[in-house]
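**Student:**
There are 2 protein chains.
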Amino acid sequence: MSGVYRVEQDSIKTFAAEFDPQPFHLDAPAAQASIFGGLAASGWHTAAITMRLMVTGGLPFAAGIIGLGGEIVWPRPTRAGDILRVESEIVEILPSRSKPNQAVVKVRSTTLNQDGETVQVFIGKILAFKRAAA
Amino acid sequence: MSGVYRVEQDSIKTFAAEFDPQPFHLDAPAAQASIFGGLAASGWHTAAITMRLMVTGGLPFAAGIIGLGGEIVWPRPTRAGDILRVESEIVEILPSRSKPNQAVVKVRSTTLNQDGETVQVFIGKILAFKRAAA
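Structural data, given as structure tokens:
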């Protein structure tokens with residue numbers, strides 16, 4: 827379980843202006859008239875916040891969280907005022923055939939809002955290294 | 827084909843400080859000693875830049891680019907000074923069974939650097955709407 831991150835309306839707009847400049851991420855009235863029915867964070871903003879929560883929440887990878895890729899889904903948008911947290915579980919460990927000290931670890935990370943609703947599921951592949959023997 | 831986006835060292839560090847605070851994204855000497863062998867952008871930064879290029883490059887979705895999720899892979903990192911562009915192609919169109927004016931469109935977007943090397947492939951599912959009949 828990670829810490830929490832409160833998503834401010836201003837940060838939704840700032841992220842969107844730089845990386846996802848679409849009306850439903852930038853402007854509340856325009857968002858109201860869109861399929862989102864109100865200002866919605868970019869999915870990539872949710873993904874970036876999730877990464878922050880994973881890094882600062884201390885997933886147990888000694889060399890850091892080195893992502894190779896994964897599958898992402900956004901069942902509902904993040905909204906202004908949402909307080910997000912991430913729950914991660916290891917799904918699978920795939921040892922490298924050629925590099926005995928390496929493995930690819932599949933981690934399912936679910937990002938939840940303050941009402942326990944899922945805003946993102948990311949099943950990521952992380953490159954992991956065995957700790958040196960003591 | 828999108829426009830291009832030059833990735834500055836400062837923006838790599840700024841993004842990482844906010845969303846992916848790991849040494850290999852923040853500090854060139856630390857990154858030199860890491861598996862990346864030099865400062866590397868967060869994969870989520872590459873993803874966010876890719877979204878910017880998709881939005882500003884005018885993918886032909888009338889209601890905007892509404893992503894439901896997808897599969898992402900980062901075969902190599904984005905580096906300071908890289909000039910990125912995105913090539914997108916529609917892979918599949920899945921009409922909605924219940925909503926006749928909606929479809930899910932699978933788009934493969936490949937993000938390339940100035941040497942033509944792939945830094946990201948994202949196969950995204952985009953919610954699309956039929957244009958109103960003329």
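Residue numbers (the numbering used here), protein chains in the order written: chain A, 827 to 960; chain B, 827 to 960. The C-beta atom is built at its ideal place from N, Cα and C for all residues, glycine as well.
Between which two residues does the alpha helix (DSSP H) containing K925 of chain B stretch?
**Tutor:** On the second sequence, residue 925 of chain B is found 99 positions in, with the first residue counted as 1. Unbroken run through K925 of chain B: none, as it is neither H nor E.
**Student:** What are the start and end residues of each continuous alpha helix (DSSP H) run of 4 or more residues lying completely inside the region 863 to 944 of chain A, in chain order?
**Tutor:** Correct list: 869 to 882.
**Student:** I838 of chain A CB to nearest chain B CB: under 8 Å?
**Tutor:** Position 12 of the first sequence, counting from 1, holds the residue named residue 838 of chain A. It does not: the Cβ of I838 of chain A has no partner Cβ on chain B nearer than 8 Å.
**Student:** Taking buried to mean at least 16 other C-beta atoms within 10 Å of its own C-beta, is P903 of chain A buried or exposed?
**Tutor:** Position 77 of the first sequence holds residue 903 of chain A. That one is buried.
**Student:** For the beta strand (DSSP E) that contains V830 of chain B, what are its first and last residues?
**Tutor:** Numbered from its first residue, the second sequence carries residue 830 of chain B at position 4. Its beta strand (DSSP E) spans residues V830 to R832.
**Student:** First and last residue of the alpha helix (DSSP H) that includes D836 of chain B?
**Tutor:** Counting from one through the second sequence, the residue named residue 836 of chain B turns up at place 10. Element bounds for D836 of chain B: Q835 to F845.
**Student:** Note down the Cα distance separating G942 of chain B from F845 of chain B, rounded to an integer number of angstroms.
**Tutor:** Position 116 of the second sequence holds residue 942 of chain B. Position 19 of the second sequence holds residue 845 of chain B. Cα to Cα, G942 of chain B sits roughly 27 Å from F845 of chain B.
**Student:** Would S868 of chain A count as contacting chain B if we go by Cβ distances under 8 Å?
**Tutor:** Stepping through the first sequence from its first residue, residue 868 of chain A is reached at position 42. Judged by the 8 Å Cβ criterion, S868 of chain A is in contact with chain B.
**Student:** Determine the DSSP secondary structure at S858 of chain B, reduced to helix, strand or coil.
**Tutor:** One-based indexing of the second sequence puts residue 858 of chain B at position 32. The identity of residue 858 of chain B in the sequence shown is Gln, whereas the question assumes Ser. Three-state DSSP puts Q858 of chain B in a helix.
**Student:** Ignore the nearest five residues each way along the sequence and tell me which others in V830 of chain A's own chain have a CB closer than 6 Å to its CB.
**Tutor:** Here residue 830 of chain A corresponds to residue number 4 of the first sequence, with the count starting at 1. I909 and R911, listed in sequence order.
**Student:** So, is the C-beta of Q858 of chain A closer than 8 Å to a C-beta in chain B?
**Tutor:** Looking up residue 858 of chain A in the first sequence gives position 32. Chain B contact via Cβ: absent.
**Student:** Mind the definition here: the region 840 to 855 of chain A touches the region 916 to 927 of chain A only if three or more C-beta pairs lie below 8 Å; say whether that holds.
**Tutor:** No, because fewer than three Cβ pairs between the region 840 to 855 of chain A and the region 916 to 927 of chain A fall closer than 8 Å, the two stretches do not touch.
**Student:** Report all residues from its chain with a CB closer than 7 Å to the CB of A856 of chain A; omit the five preceding and five following residues, and keep chain order.
**Tutor:** Your numbering for residue 856 of chain A matches position 30 in the first sequence. Closer than 7 Å at the Cβ level, and outside the excluded window around A856 of chain A, lie P849 and F850.
**Student:** Evaluate R832 of chain A with the Cβ neighbour count: other Cβ atoms within 10 Å of its Cβ, from every protein chain shown; 16 or more gives buried, anything less gives exposed.
**Tutor:** Translated into the one-based positions of the first sequence, residue 832 of chain A becomes position 6. R832 of chain A is exposed by the Cβ-count criterion.
**Student:** Output needed in chain order: residues of the region 872 to 905 of chain A with a Cβ under 8 Å from some Cβ in chain B.
**Tutor:** Going along the region 872 to 905 of chain A in chain order, one finds A873, A874, I875, M877, R878, V881, T882, A889, G890, I891, I892, G893, L894, G895, G896, E897, I898, V899 and W900 with a Cβ nearer than 8 Å to chain B.
**Student:** Taking P847 of chain A as the query, report the chain B residues whose CB atoms sit under 9 Å from its CB, ordered along the chain.
**Tutor:** Your numbering for residue 847 of chain A matches position 21 in the first sequence. Near P847 of chain A (Cβ distances below 9 Å), the residues of chain B are R878, V881 and T882.
**Student:** Comparing C-alpha positions only, which one of B:S860, B:I838 and B:G869 sits nearest to Q946 of chain B?
**Tutor:** The residue labelled residue 946 of chain B in the question sits at position 120 within the second sequence. It is B:G869 whose Cα lies nearest to the Cα of Q946 of chain B.
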